[in-house]
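Asker: Dropping the structure in here first, questions after.
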Amino acid sequence: GAGVSQTPSNKVTEKGKYVELRCDPISGHTALYWYRQSLGQGPEFLIYFQGTGAADDSGLPNDRFFAVRPEGSVSTLKIQRTERGDSAVYLCASSRGAPTYTQYFGPGTRLTVL
Amino acid sequence: QKEVEQNSGPLSVPEGAIASLNCTYSDRGSQSFFWYRQYSGKSPELIMFIYSNGDKEDGRFTAQLNKASQYVSLLIRDSQPSDSATYLCAVISNFGNEKLTFGTGTRLTIIP
Chain F
1 GAGVSQTPSN KVTEKGKYVE LRCDPISGHT ALYWYRQSLG QGPEFLIYFQ
51 GTGAADDSGL PNDRFFAVRP EGSVSTLKIQ RTERGDSAVY LCASSRGAPT
101 YTQYFGPGTR LTVL
Chain P
1001 QKEVEQNSGP LSVPEGAIAS LNCTYSDRGS QSFFWYRQYS GKSPELIMFI
1051 YSNGDKEDGR FTAQLNKASQ YVSLLIRDSQ PSDSATYLCA VISNFGNEKL
1101 TFGTGTRLTI IP
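Residue numbers (this note's numbering), protein chains in the order written: chain F, 1 to 114; chain P, 1001 to 1112.
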């Protein structure tokens, strides 16, 4: 079946603007995760959903970042008042959960804030 | 101390040799361990996962876990130029929270 998909693949925006990044998980996967990866670093956890609810949002850097998953499938990561430091690749992953908890990643969205 | 540590490399290995990648973690209660491969400009791709002490083999790849010493390693036998990539070690600390904590990755180059 299809893997995790993310749109857009690239997003260039200006400082102060609002952006939305979309993730469509693998069908049947109940858990969905957002990570952020800067150059030369490993992915950094942002938030994860179990079904429709955020099970852990401790990785969101500040209140400019928000994510939703209203129907337990597609998720949107929203960033308000973007800053240049938000520039990174935003990765989405999904998992079936137990017993393996294995996460499969989408292709990512490269966000550039000018 | 970082939660998951890897040597950033670069690690250069001749084609056909064994590449050995190492990772240490700080949370003694960590439950499950993953190796991802990441080509430049691409997203992480799962190579292997391991939960129990000992070795787990899958084709040319062997993952090794030693919970007492808090390290996990990945061996790649008969290394190929296509194995050249960054290898990320990731850990789930407990099953109550499934978030992955990643190391910074080790850049591996296979020399033809």
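Note that the Cβ used here is the ideal one computed from N, Cα and C, for glycine as well. Note that the structure is predicted; figures quoted are calculated from it, not measured.
Three-state secondary structure (DSSP) at P/Gly1014?
Answerer: Checking the sequence shown, residue 1014 of chain P turns out to be Pro, not Gly. In the structure shown, P/Pro1014 sits in a strand (DSSP, three-state: E or B).
Asker: Taking only three categories from DSSP, how would you classify P/Ser1043?
Answerer: In the structure shown, P/Ser1043 sits in coil (DSSP, three-state: anything other than H, G, I, E or B).
Asker: So the candidates are P/Ile1111, P/Gly1041, P/Thr1106 and P/Lys1099; which of them puts its Cα closest to the Cα of F/Glu31?
Answerer: The residue asked about is misnamed: residue 31 of chain F is Ala in this sequence, not Glu. Ranking the options by Cα distance to F/Ala31, first place goes to P/Lys1099.
Asker: Helix, strand or coil for F/Arg96 per DSSP?
Answerer: If DSSP states are grouped into helix, strand and coil, F/Arg96 belongs with coil.
Asker: Can you check whether the C-beta of F/Val89 is within less than 9 Å of a C-beta belonging to chain P?
Answerer: Judged by the 9 Å Cβ criterion, F/Val89 is in contact with chain P.
Asker: Taking just the CA atoms, how far does P/Arg1107 sit from P/Phe1049?
Answerer: Approximately 19 Å, taken between the alpha carbons.
Asker: Using only the alpha-carbon positions, how far apart do P/Ser1069 and P/Ala1063 sit?
Answerer: C-alpha separation (whole angstroms): 15 Å.
Asker: Out of F/Ser9, F/Leu21, F/Gly16 and F/Ile26, which one is the CA nearest neighbour of F/Ser95?
Answerer: Comparing Cα-Cα distances from F/Ser95 to each of F/Ser9, F/Leu21, F/Gly16 and F/Ile26, the minimum goes to F/Ile26.
Asker: So what's F/Gly108 in DSSP terms, helix, strand or just coil?
Answerer: Residue state, collapsed to three classes: coil.
Asker: What separation, rounded to the nearest whole angstrom, lies between the Cα atoms of F/Gly3 and F/Gly40?
Answerer: Rounded to whole angstroms, F/Gly3 to F/Gly40 spans 25 Å at the Cα level.
Asker: Taking the alpha-carbon of F/Thr52 as reference, which of F/Gln37, F/Val74 and F/Leu60 has the nearest alpha-carbon?
Answerer: Measuring from the Cα of F/Thr52, the nearest candidate turns out to be F/Val74.
Asker: Rounding to the nearest angstrom, what Cα-Cα distance links P/Asn1066 and P/Leu1046 in this structure?
Answerer: Taking the straight line from one Cα to the other gives about 20 Å.
Asker: Of all the options F/Leu111, F/His29 and F/Ser5, which has the alpha carbon lying nearest to the alpha carbon of F/Tyr101?
Answerer: Among F/Leu111, F/His29 and F/Ser5, the Cα nearest to that of F/Tyr101 is on F/His29.
Asker: As a quick exercise: from P/Thr1109, P/Ile1110, P/Ile1092 and P/Ile1111, pick the residue whose alpha carbon is nearest that of P/Arg1028.
Answerer: Closest by alpha carbon: P/Ile1092.
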